[in-house]
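Just add 702 to the spot in the sequence shown (first one is 1) and you have this note's numbering.
The beta-carbon is built from N, C-alpha and C at its ideal position, and this holds for glycine as well.
Contents: one structure, followed by commentary.
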Amino acid sequence: MMVAGIEWILLEDRPEVLITVVEPGGAKFGVRRHSLHPIPVNMPAQIASPPAGGHAVFAETQHFFFKQRAAIEKLRADNMLLKEELMLENKFSVQPTTANAAALIAALQDQSDQYTRKIEGERSKVSLLEEKAGNLQEKVGRQRRKMGGINAAREEDVQMQKQMRILENRLEKAYHKYSSKKLQIGSLRDHIDNLRRERLVFDDVHRKLEKGLASEKREMAAIITQSNTSHEGRERALTEMAATKQAADQEQAEAMRAREIEDREAKTMQILKDEKSARKKVLRGTWSVAKDRTSSTQTAEKVKEYSEAFEKIQKTTGVTDLDRLVEMFMEAEDANFSLFNYVNEVNAEIEKLEDQIGEIRAEVERLRGESSQQESLRLQAVHDTEERLRNAEARAGRYGRKLEGAQRRVGALKQAIQDMFAQAGCDTPATRSMLGDGGVSEANLMIYLGIIEQRTNEILQRCMAASAGEPVEGGASPPVKPPGALGVTPRVEGSPGKGMVIDLPSTLADSDSDGDENEEVGALRPLDRQALEQKVLRSIARRGDGVGHAIRKARSDSRPISSAKF
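See below:
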């Protein structure tokens, strides 16, 4: 008995292992078939079209089947080896011993049992994988339903591409908007710089005007203070004059009353003296009676008058005693004399006060004249200050207009320099990296002019070298560099000691002159290409006829300057 062979049979739905044992007579017996777990019919389709989103599970399943196929191929190879060994043994040993055949059968059965155990293990693994695959298929189905179908990924990809294009368009628009805003910011920054410079100029003018106004205010304050002092002095003088006049009027009224009292007392004293003399005459003797009788009529009248006067005095004073009345009149006369002296003193003082009043009136008139003069001076100073202020405002407006004109001319000059810079072929990456993207400004204007001048000199040098038949060293011009300092003109190589100087338009304007605007316009006006060529030709014509011939030859060339390469 011997083993005919072990065969693997791969059916449509499952793989099987066939073990055949053959007797020495040729009869077959002991056929054992072991079936593996059937392979799902739709497995190739699942392998061919992995579900969307299940790439990891698909890769794991494919790897597992790859291992299964490798094991099957190995078993096939072992089967072929066993077949070959069996054929060799049948060839050289036609009738083997029964013990050997039994041992071989036992070994093969052990091997078959071992493979059966392995197959069962693989079957359990396949069942687990099928369960996992079912779960994954269910998850894939739910995910597909959730995503919206089989074409959801493709549609989502299309939508994503559309969204990306929309976002790219928005980004491009935003970039263009950013560029325009950046240019606008640059122009606004230039405008801010111009306004700052204008503010500095106006601040300087404003400080000067404020200084002049402060000095004028100080002068006006001094004049006003002096005028107020004069007014106060005049008011004090008028007050003193009024008080003095009032005191003089009072003293004059008192003097008039004193004079009236003195006149009345003088009349009374005269009456008393007359009575006393009459009494003495009566007491002196009677010898004059006859004489008195001759004038009795007159005396009677006088006595009557004196009696009436005496009665009046008695009624007025209430004194009946004649001696007492005489004493009273004597005392009154002394008092009147003292009052008379006082009145004389008061009159003298009044005369002095009148003189002082006259002086004060003269001083008041003088102060009035001075006050009116000072008022006219103050008004004149105010008028002069207002006139100076109007002149300063007019100058400020004129300076502002000149500044606006200068800014417009500088703007035109910047544009002309930018055009000339581009036409001359100076707008290269090297110059852009050196000068930046800000364009021409007041800070780098001379640098642009220096680069244009250097480029012009290089072109002229090439023209002269081409006309003279001399090769240009290196075949290319050196990189463009800005001049070392403002106003320094680079020299043309090949012509030592003869530097070509191009007179640049002056950007400095005299801020104090009023009639130089036309000259400034002519000096700051940018030159066009033809005028620049003529100016360069005139400056180079002095160097000799050969150079002039070369330049004329360069001018006759049809190729424009801007087409020359660095």
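- Message: Using only the alpha-carbon positions, how far apart do Gln764 and Asn837 sit?
- Response: In a straight line, the C-alpha of Gln764 is about 16 Å away from that of Asn837.
- Item | Nearest-angstrom Cβ-Cβ length linking Ala1094 and Leu902, presumed shorter than 8 Å | Taking the Cβ atoms as the reference, Ala1094 lies roughly 18 Å from Leu902, outside the contact range of under 8 Å.
- Task: Assign Asn1115 to buried or exposed, taking buried as 16 or more other Cβ atoms, counted over all protein chains shown, within 10 Å of its Cβ.
- Result: Per the sequence shown, residue 1115 should be read as Leu rather than Asn. Buried, because 16 or more other Cβ atoms sit within 10 Å of the Cβ of Leu1115.
- Look up Ser889 in the DSSP assignment and say whether it is helix, strand or coil. helix
- Message: Measuring straight from C-alpha to C-alpha, what distance separates Leu1081 and Asp906?
- Response: 29 Å
- Roughly how many whole angstroms lie between the Cα atoms of Arg1103 and Arg1110? 10 Å
- Item | Cys1165: first and last residue of the uninterrupted alpha helix (DSSP H) it sits in | Leu1147 to Ala1170
- Item | the region 944 to 954 in contact with the region 1058 to 1071 per 3-pair CB rule at 8 Å | yes
- Task: Would you tell me roughly how many angstroms separate the C-alpha atoms of Phe904 and Tyr1101, rounded to the nearest one?
- Result: 9 Å
- Message: Between the alpha carbons of Asn1049 and Ala1064, how many angstroms are there, rounded?
- Response: 22 Å
- Task: Evaluate the contact criterion for the region 1068 to 1077 versus the region 856 to 866: three or more CB pairs, one atom per stretch, below 8 Å.
- Result: no
- Query: Around the C-beta of Met1122, are 16 or more other C-beta atoms found within 10 angstroms, so that it is buried, or is it exposed?
  - Reply: buried
- Message: Tell me the residue span of the alpha helix (DSSP H) that contains Asp812.
- Response: Thr800 to Met849 is the extent of the alpha helix (DSSP H) around Asp812.
- Measure from the alpha carbon of Glu964 to the alpha carbon of each residue in Val1112, Ile925, Ser1040 and Ala773, then state which is nearest. Ser1040
- Message: According to DSSP, is Asp1139 part of a helix, a strand, or is it coil?
- Response: In the displayed model, Asp1139 falls within coil according to three-state DSSP, outside both helix and strand.
- May I ask you to report which of helix, strand or coil DSSP gives Ala1096? helix
- Message: Applying the 10 Å Cβ sphere with the 16-neighbour rule, what's the burial state of Thr1018?
- Response: exposed
- Integer Cβ distance of Ile1015 from Thr970, believed to fall under 8 Å: Yes, Ile1015 and Thr970 are in contact; Cβ-Cβ is about 6 Å, under 8 Å.
- Alpha carbon to alpha carbon, what distance is there between Arg1157 and Ala1167? The C-alpha of Arg1157 is placed about 15 Å away from the C-alpha of Ala1167.
- Glu1106 versus Arg899 - alpha carbon distance: 12 Å
- Query: What residues in its chain sit with their C-beta under 7 Å from that of Asn896, if we drop five residues either side in the sequence?
  - Reply: Gln1109
- Pull up the distance between the alpha-carbon of Glu832 and that of Ala761, whole angstroms please. 14 Å
- Message: So for Ala1083, helix, strand or coil by DSSP?
- Response: In the structure shown, Ala1083 adopts helical secondary structure according to DSSP, grouped into three states.
- Query: Can you tell which of Ala939, Asp976 and Asn1046 has the C-alpha that lies nearest to the C-alpha of Glu1067?
  - Reply: Ala939
- Anyone know if the C-beta pair for Leu1027 and Thr946 falls short of 7 Å? no
- Query: By how many angstroms is the C-alpha of Glu921 removed from the C-alpha of Glu1088?
  - Reply: 13 Å
- Is the region 798 to 813 close to the region 849 to 857, with three or more CB pairs under 8 Å? As far as the Cβ criterion goes, the region 798 to 813 does not touch the region 849 to 857, which means the pair count is below three.
- Leu777 to Ala804, Cα distance in whole Å? 23 Å
- Query: Thinking C-beta only, is Asn1038 closer than 7 Å to Glu967?
  - Reply: If you check the CB distance, Glu967 and Asn1038 come in under 7 Å.
- Query: Can you name, in chain order, every residue of its own chain whose Cβ lies under 8 Å from the Cβ of Ala957, other than the five neighbours on each side?
  - Reply: Val1045, Val1048, Asn1049 and Ile1052
- Would Gly1127 be called buried (16 or more neighbouring beta carbons within 10 Å of its own) or exposed? For Gly1127, the number of other beta carbons within 10 angstroms of its own is at least 16, and it is reported as buried.
- So which of Gln1236, Asn1159 and Val1084 has the shortest CA-CA distance to Ser917? The shortest Cα separation from Ser917 among Gln1236, Asn1159 and Val1084 belongs to Val1084.
- Message: One question on the structure: do Ile973 and Ala1034 come within less than 7 Å of each other, judged by their Cβ atoms?
- Response: no
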